[in-house]
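If you're matching them up, the sequences are chains C and L in order. Positions in the first sequence are counted from 1; adding 170 to them yields the numbering used here. Positions in the second sequence are counted from 1; adding 170 to them yields the numbering used here. First the structure, in the form of structure tokens, and then the observations on it.
Protein chains: 2
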Amino acid sequence: MNQELELVESMDKLSVLIHKFQTELLNGDLKEYTLRQLYYIELIDKHEGISVSEISKTLELKKSTISIAINQLIELEIVTKIQSNTDKRFYFLKLTSKGKDIMRMHKQVHQNTIKKIIDILNPQEVESFIKIVDKITVLNL
Amino acid sequence: MNQELELVESMDKLSVLIHKFQTELLNGDLKEYTLRQLYYIELIDKHEGISVSEISKTLELKKSTISIAINQLIELEIVTKIQSNTDKRFYFLKLTSKGKDIMRMHKQVHQNTIKKIIDILNPQEVESFIKIVDKITVLNL
DNA sequence: ATATATAGTTTTATCAAACTAACTATTATA
DNA sequence: TATAATAGTTAGTTTGATAAAACTATATAT
């Protein structure tokens with residue numbers, strides 16, 4: 171079979187894999203949250219102090235959409251907002267301790283899967299995989 | 171950095187990549203369909219003659235959910251159903267010519283992306299990537 | 001000082017995707 | 001033959017994600 175067709179299949183397989191990787195979050199302690207919510211939490215964890223507008227621009231979704239989603243997380247005491255001193259229109263978003271707990275569990279679930287992958291690959295393959303994924307993703311398709 | 175952490179990052183990057191891979195379908199001629207619909211179409215293309223019940227079991231969704239989704243595709247003249255001669259409760263699903271056109275476009279979009287990937291990797295890396303993805307996906311996590 | 005722009009909220013509405021429950025038609029079985 | 005099970009449909013509902021539009025409060029520019 172030519173490489174192009176094989177690669178199509180690989181991408182199909184990866185789609186299934188990534189889907190599992192994401193939805194396995196919804197089994198354990200995190201099942202009370204939606205994937206969307208966990209994604210927002212991850213985003214705020216990675217970019218502490220990000221604002222509603224910035225999230226809106228990043229995800230190409232309307233501010234109202236983000237505002238509602240974030241306020242829901244604030245209601246759940248997962249996120250807090252801190253008004254800027256220099257520009258009082260701005261609110262910096264950050265995780266509460268409950269939010270940080272959720273992120274810890276989130277990372278733990280993923281790390282368990284990662285361990286299984288490392289078990290099945292040899293170190294050289296892991297290195298190769300990381301390198302190739304880097305090359306592909308800088309592409310930005 | 172240790173391999174475990176790097177692999178976590180790779181998986182993150184892959185999530186973004188796969189998401190783009192899937193949603194780029196929604197730009198061109200296929201944007202009038204949802205990803206779900208394109209997925210059902212792909213499933214019927216791959217398993218011509220599959221039934222509503224079989225899809226329901228495969229995807230672990232209620233029959234009613236599938237029935238409604240498929241009937242919508244029948245309404246759009248993308249799918250047809252053919253009643254079985256031997257068991258008249260059964261209907262075999264298959265794509266119409268319109269459905270096959272959609273699959274052709276779908277595959278074309280993906281193949282364009284695949285070409286970009288092949289361009290940026292050397293043949294050895296492509297081979298390695300395919301092999302590693304195979305190893306990971308048989309894992310079934 | 002006034003007009004304009006920006007950050008975020010609220011309200012209202014739409015849509016897709018999923019569910020439960022009750023149904024028809026057909027087939028299998030006791 | 002009467003009863004079970006199966007395939008698919010239909011009606012009604014729920015949930016989550018999204019958007020448009022109107023709004024408040026604050027900041028910037030002319």
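C-beta atoms are modelled at their ideal positions from N, C-alpha and C, and glycine is treated no differently.
Contact check between the stretch 259-270 of chain L and the stretch 209-228 of chain L: three or more CB pairs, one atom from each, fall below 8 Å, which counts as touching. Scanning the stretch 222-286 of chain L from its first residue to its last, the whole alpha helix (DSSP H) runs of 4-plus residues come out as 222-229, 233-245. For C:D257, the number of other beta carbons within 10 angstroms of its own is below 16, and it is reported as exposed. Taking C-beta atoms as the reference points, L:L177 and C:I300 count as a pair closer than 9 Å.
One finds I300 in chain C with Cβ atoms closer than 7 Å to the Cβ of L:E176, taken in chain order. Note on C:L195: 16 or more other CB atoms within 10 angstroms of its CB, so buried under the neighbour-count rule. Apart from the 5 residues on each side of it in sequence, L:S226 sits with its Cβ closer than 8 Å to the Cβ of K232, K233, T235, I236 in its chain, given in chain order. Here DSSP, grouped into helix, strand and coil, assigns L:T204 to coil. Take the alpha-carbon of L:P293 and the one of C:T193: they are about 33 Å apart. For C:Q173, the chain L residues whose Cβ falls inside 8 Å of its Cβ are I288, P293, V296, E297, I300, in order along the chain. Close to L:T307, with beta-carbon spacing below 8 Å, are these residues of chain C in chain order: K183, L184, V186, L187. Just measuring C-alpha positions, the residue of L:R259, L:F191, L:E174, L:L243 sitting nearest C:I306 is L:F191. If you check each beta-carbon in the stretch 204-218 of chain L against every beta-carbon of chain C, none falls closer than 8 Å. Put simply, the backbone Cα of C:S180 is about 13 Å away from that of L:E295. For the pair C:A239 and L:Q253, the Cα-to-Cα distance works out to about 46 Å. C:Q278 and L:E174 have their C-alpha atoms roughly 12 Å apart. In this structure, C:T228 places its C-beta atom within 9 Å of the C-beta atom of C:L213. In this structure, DSSP gives L:H189 a helical state, which the three-state scheme calls helix. Scanning chain C for C-beta atoms nearer than 7 Å to the C-beta of L:V279 yields nothing, as the closest lies near 11 Å away. Burial is judged here by how many other beta carbons sit within 10 angstroms of a residue's own beta carbon; L:H276 has at least 16 and is buried.
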